[in-house]
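Visitor:
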Amino acid sequence: MPTISNHMPTAELQALDAAHHMHPFTAGNELAEKGARVITGASGVTLTDSQGNRILDAMAGLWCVNIGYGRDELAEVAARQMRELPFYNTFFQTTHVPAIALANELASLAPGDLNHVFFAGSGSEANDTNIRMVRTYWALKGQPSKSIIISRKNGYHGSTVGSASLGGMSAMHAQGGLPIADVHHINQPYWWAEGGGTDPAEFGLARARELEEAILTLGEDRVAAFIAEPVQGAGGVIIPPATYWPEIQRICDKYEILLIADEVICGFGRTGNWFGSQTLGIRPDIMTVAKGLSSGYQPIGASIVSDTVAKVIGSDEFNHGYTYSGHPVACAVALENLRILQDEDIIGHVRNVAAPYLKTAWATLADHPLVGEARTLGLMGAIALTPDKDSRAAFAAEEGTVGLICRERCFANNLIMRHVGDRMIIAPPLVIQPDEIDTLIARATVALDECHAELKKRDLLRSAS
Ligand code: PXG
């Protein structure tokens, strides 16, 4: 087998990548021509690429490296676990210590009576578990017609057939025959772009009441559950008006609809509490977790389930599971990650230091001529780019054109900030320090200035009519 290493020239690595590696959410032929950026190492909040650039990773990998890069403790735990028991399954009435310990720890951290854990390999898999679990729950209770799951347009719940059906991404539904049956999407609580002249509080209530309208239209006897992210992540860090979640909770309680909080991004400290549900006052029956559960050091996800749901599901055989449900190495690494989050009070750092500092610093971006909205919640933030702040207009150019230009300018200034359409978003590692936030804001400002200059040059500073 030929050795492919960090020491090879970038162009050679890019050519080998283009020849054999298919990338997610990518136009492969175009990337093959351009060449992918090769990341070679990382420490703290900083990535290194094959050309020696040091890049501030304001996306924590992909919303996941909560404790930051380069924590040897996790590598040591993984190596120890691989030597002791690299794999055993949790089917057929067997278990092992890492799965026992992690399930116990999650039960103690999760709010309310969320005391039972079904492991998966990713957030997508965990949401597929949830689809089967909530439908099975109602079937076992003698109400098999309750099979519809309500979710939201522009929500993201994963990329498998089931989880992408729950998601409300139209570009995903357009490929591969999605969505599956009995999924219904309502509108998102995105006031800045969709609220028009309404007051945010009224808009939040109106969007939440779409859930009630959907339940009444579809029939209470048909609806199994509602799933949503406490704060939409991949949809563009859309922070709902304060009125939204209490109304959603009221409706779920009134009609006894199971509430699934997808905490894949919001979980494990991102919003300044262990879970986004605690920050936003949500009482879910099931939480989906992944990403920050292991800080991305191992692939693992889970559904954390209430006593009531677990009891019903446990009353019969639940014909569901993955080879890697409760993988011992992933569980051991996740457990060590949770220990570090607790011992170093990283969530306290988010709540008391990093998030307030970011909030103030991020708000200054609103003064930039391109920025229509600049908001954060915990350590997630977004700016909306617009050619006209007053009317909150969209650009005349196809949506995402300007966002992509801005992302390129961020890259060029050694900053990773993602674009969703023409929104720019961040979710840095939770260990980020105030001086690193200063660097983030300084690079973002230069990138915005350069983006503005390029838009002028290319005559793209025009509003959609
Ligand atoms: N739920 C939520 C809320 C997510 O954000 C998933 C489920 C699926 O998890 P897995 O582990 O199967 O990917 C996610 C994943 C992006 C981006 O571009 C976001 C995600 C994944 C890939 C890209 O923002 N979130």
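Take the position in the sequence shown, starting the count at 1, then add 36; the result is the number in the working numbering. No residue lacks a Cβ here, since even glycine has one placed at the ideal position from N, Cα and C.
Below 8 Å, how does it come out for the segment 372 to 392 and the segment 353 to 362: are there three or more Cβ pairs, yes or no?
Guide: The segment 372 to 392 is not in contact with the segment 353 to 362.
Visitor: Grouping DSSP H, G and I as helix and E and B as strand, with all else coil, what is residue 268?
Guide: Locating residue 268 in the sequence shown gives position 232, counting from the first residue. Residue state, collapsed to three classes: strand.
Visitor: For residue 199 versus residue 160, is the C-beta spacing smaller than 7 Å?
Guide: For the purposes of this step, residue 199 is taken as residue 163 along the sequence shown, with counting starting at 1. For the purposes of this step, residue 160 is taken as residue 124 along the sequence shown, with counting starting at 1. Yes, Cβ-Cβ distance for residue 199 and residue 160 is below 7 Å.
Visitor: Shortest alpha-carbon distance to residue 460 belongs to which of 434, 490 and 409?
Guide: Taking the sequence shown and counting its residues from 1, the one referred to as residue 460 is at position 424. That would be 409, whose Cα lies nearest to the Cα of residue 460.
Visitor: Note down, in chain order, each residue of its chain lying with its Cβ closer than 8 Å to the Cβ of residue 257, except the 5 sequence neighbours on either side.
Guide: Stepping through the sequence shown from its first residue, residue 257 is reached at position 221. Same-chain partners within the cutoff: 179, 181 and 182.
Visitor: Which same chain residues, not among the five before or five after residue 190, have their C-beta less than 8 Å away from its C-beta?
Guide: Position 154 of the sequence shown holds residue 190. Taken in chain order, the residues that qualify are 204, 205, 224, 226, 268, 271, 272 and 274.
Visitor: When the distance is taken between beta carbons, is residue 299 closer than 7 Å to residue 323?
Guide: Locating residue 323 in the sequence shown gives position 287, where the first residue counts as 1. Locating residue 299 in the sequence shown gives position 263, where the first residue counts as 1. A contact, by the Cβ cut-off of 7 Å.
Visitor: Identify, in the order they occur along the chain, each residue of the same chain with its Cβ nearer than 6 Å to the Cβ of residue 342, setting aside the five sequence neighbours on each side.
Guide: Taking the first residue of the sequence shown as 1, we reach residue 342 at position 306. Cβ within range, chain order: 149, 150 and 321.
Visitor: For residue 318 and residue 65, what's the separation of their Cα atoms in angstroms?
Guide: On the sequence shown, residue 318 is found 282 positions in, with the first residue counted as 1. On the sequence shown, residue 65 is found 29 positions in, with the first residue counted as 1. Near 44 Å, if we compare the C-alpha coordinates of residue 65 and residue 318.
Visitor: Can you tell me whether DSSP reads residue 389 as helix, strand or coil?
Guide: The sequence position of residue 389 within the sequence shown is 353, counting from 1. Reduced to three states, the DSSP call for residue 389 is helix.
Visitor: Using CA coordinates, which residue listed in 416, 444, 402 and 413 is at the minimum distance from residue 426?
Guide: Position 390 of the sequence shown, counted from the first residue, corresponds to residue 426. Minimum Cα distance to residue 426 is reached at 402.
Visitor: Give every residue of the same chain whose Cβ lies closer than 8 Å to the Cβ of residue 82, excluding the five residues on either side of it in the sequence, and list them in chain order.
Guide: One-based indexing of the sequence shown puts residue 82 at position 46. The answer, listed in chain order, is 90, 91, 92, 93 and 105.
Visitor: Could you name the residues of the same chain whose beta carbon sits closer than 7 Å to that of residue 429, not counting the 5 residues immediately before and after it, in chain order?
Guide: Indexing the sequence shown from 1 puts residue 429 at position 393. 422, 423, 499 and 500.
Visitor: Excluding the five sequence neighbours on either side, which residues of its own chain have a C-beta within less than 8 Å of the C-beta of residue 306, listed in chain order?
Guide: Numbered from 1 along the sequence shown, position 270 holds the residue referred to as residue 306. Once the five neighbours on either side are set aside, the close Cβ partners of residue 306 are 99, 102, 312, 328, 386, 414, 415, 416, 463 and 466.
Visitor: Could you give the first and the last residue of the continuous alpha helix (DSSP H) run that contains residue 140?
Guide: Here residue 140 is taken as the residue at index 104 of the sequence shown, counted from 1. From DSSP, the alpha helix (DSSP H) with residue 140 extends over 133 to 145.
Visitor: How about residue 415: is its Cβ closer than 6 Å to a heavy atom in the ligand PXG?
Guide: Working through the sequence shown from its first residue, we reach residue 415 at position 379. The answer is no for residue 415.
Visitor: What residue from 187, 57, 301 and 337 has the CA that sits closest to residue 162's CA?
Guide: Here residue 162 corresponds to residue number 126 of the sequence shown, with the count starting at 1. Looking at the Cα atoms, 337 is the closest of the given residues.
Visitor: Given this structure, state the Cα-to-Cα distance separating residue 333 from residue 79, to the nearest angstrom.
Guide: Against the sequence shown, residue 333 aligns to sequence position 297. Against the sequence shown, residue 79 aligns to sequence position 43. So the two alpha carbons sit approximately 13 Å from each other.
Visitor: Between the segment 245 to 256 and the segment 431 to 444, can you find at least three pairs of beta-carbon atoms closer than 8 Å?
Guide: No, the segment 431 to 444 is not in contact with the segment 245 to 256.
Visitor: Determine which residues share a DSSP beta bridge with residue 90 and list them.
Guide: Here residue 90 is taken as the residue at index 54 of the sequence shown, counted from 1. In DSSP, residue 90 forms a bridge with 84.
Visitor: Can you give me the Cβ contacts of residue 445 inside the same chain, cut-off strictly under 6 Å, excluding the 5 residues immediately before and after it?
Guide: Position 409 of the sequence shown holds residue 445. The residues are 483, 486 and 487.
Visitor: Pick out whichever of 292, 370 and 374 has its Cα sitting closest to the Cα of residue 117.
Guide: What you label residue 117 is simply residue 81 of the sequence shown in a count that begins at 1. Comparing Cα-Cα distances from residue 117 to each of 292, 370 and 374, the minimum goes to 370.
Visitor: According to DSSP, is residue 411 part of a helix, a strand, or is it coil?
Guide: Numbered from its first residue, the sequence shown carries residue 411 at position 375. Three-state DSSP puts residue 411 in a strand.
Visitor: Have a look at residue 331 and residue 308 and give me their C-alpha separation to the nearest angstrom.
Guide: By one-based count along the sequence shown, residue 331 stands at place 295. By one-based count along the sequence shown, residue 308 stands at place 272. About 16 Å.
Visitor: From what residue to what residue does the alpha helix (DSSP H) around residue 321 run?
Guide: If you number the sequence shown from 1, residue 321 lands on position 285. Segment: none, residue 321 is in no alpha helix (DSSP H) and carries neither H nor E.
Visitor: Residue 454 bridges to which residues according to DSSP?
Guide: On the sequence shown, position 418 is the one that residue 454 refers to. DSSP output for residue 454 lists 461 as bridge partner(s).
Visitor: Below 7 Å between beta carbons: does that hold for residue 113 and residue 184?
Guide: Start at 1 with the first residue of the sequence shown, and residue 113 comes out as number 77. Start at 1 with the first residue of the sequence shown, and residue 184 comes out as number 148. It is not a contact, given that the beta carbons lie outside the stated cut-off.
Visitor: Just tell me which of 137, 57 and 283 has its CA closest to the CA of residue 238.
Guide: Position 202 of the sequence shown, counting from 1, holds the residue named residue 238. When only C-alpha atoms are compared, the closest one is 283.
Visitor: Answer yes or no: the CB of residue 160 versus the heavy atoms of the ligand PXG, is any distance below 6 Å?
Guide: Walking along the sequence shown from the start, residue 160 turns up at place 124. The answer is yes for residue 160.
Visitor: When you compare the CB positions of residue 68 and residue 47, do they come within less than 7 Å of one another, or not?
Guide: Residue mapping note: residue 68 aligns to position 32 of the sequence shown, counting from 1. Residue mapping note: residue 47 aligns to position 11 of the sequence shown, counting from 1. Against a cut-off of 7 Å, the Cβ pair of residue 47 and residue 68 comes out as no contact.
Visitor: Between residue 201 and residue 219, which are expected to be in contact by the criterion C-beta below 8 Å, what is the C-beta distance as a whole number of angstroms?
Guide: To locate residue 201, count along the sequence shown from 1; it is residue 165. To locate residue 219, count along the sequence shown from 1; it is residue 183. The pair is a contact, with the Cβ atoms about 5 Å apart (cut-off 8 Å).
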